[in-house]
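Chemist: Provided herewith is a single structure, encoded as structure tokens, for subsequent inquiry.
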Amino acid sequence: LAIVDPSLTQGLPPRITADTGLDALTHAIEGYVTVWRNDFTDGLCLKAAQLVLTYLERAVRDGDDMEAREHMANAATIAGLGFGNANLGLGHAMGHSFGALFKQPHGRAVALFLPYTIDYTTNGGLG
């Protein structure tokens, strides 16, 4: 069960909005580049990434922009459906450790490793 109610995020501080938005983007991209991806998850992950790239900046800039908040809540949920059926990758494995060790928010920590995850995965794990 997921309750997707963007009003629960209204007025969220910009930094937390950015961190959680980066987590949603990382979920979408990792779900798309994983070796476990499939036709079903590709569509979900691509749509989630598109929504984040379209609405995250607005949501960060204005905590009361309910259109942006709604689309970001949908993006996070759609990304969850995508990666939940495809699995996450290297970025989350490294981000969890990094975030715990250096006390960094989860979304920021996993996003830090996202470029390296994309590079590693799209090169067949050859770095």
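Quick note on my numbering: the sequence shown kicks off at 15 and runs consecutively.
Here a beta-carbon is modelled for each residue, glycine too, at the ideal position from N, C-alpha and C.
The structure displayed is predicted, hence computed values, not measured ones.
1. Which word fits Phe116, buried or exposed, when buried means at least 16 other C-beta atoms lie within 10 angstroms of its C-beta?
2. I think Arg83 touches Pro20, with their Cβ atoms under 8 Å apart; what is that distance to the nearest whole Å?
3. At 4 residues or longer, what runs of the alpha helix (DSSP H) sit wholly inside the region 53-92?
4. Return the Cβ separation of Ala100 and Val66 in integer angstroms, given the expectation that the two are a contact with Cβ distance under 8 Å.
5. To the nearest angstrom, how far is the alpha carbon of Gln64 from that of Ala42?
6. Check the C-beta distance from Gly103 over to Thr131 and give it rounded, since I have them as a contact under 8 Å.
Modeler: Looking at the coordinates:
1. Around the beta carbon of Phe116, a 10 Å sphere encloses fewer than 16 other beta carbons of the protein chains shown; the residue is thus reported as exposed.
2. Separation of the CB atoms of Arg83 and Pro20 is rounded to 4 Å, and the pair is thereby assigned contact status at 8 Å.
3. Correct list: 53-75.
4. Actually they do not touch by this definition, with Cβ atoms about 17 Å apart.
5. The straight-line gap from Cα to Cα measures roughly 9 Å.
6. About 5 Å; that satisfies the 8 Å criterion.
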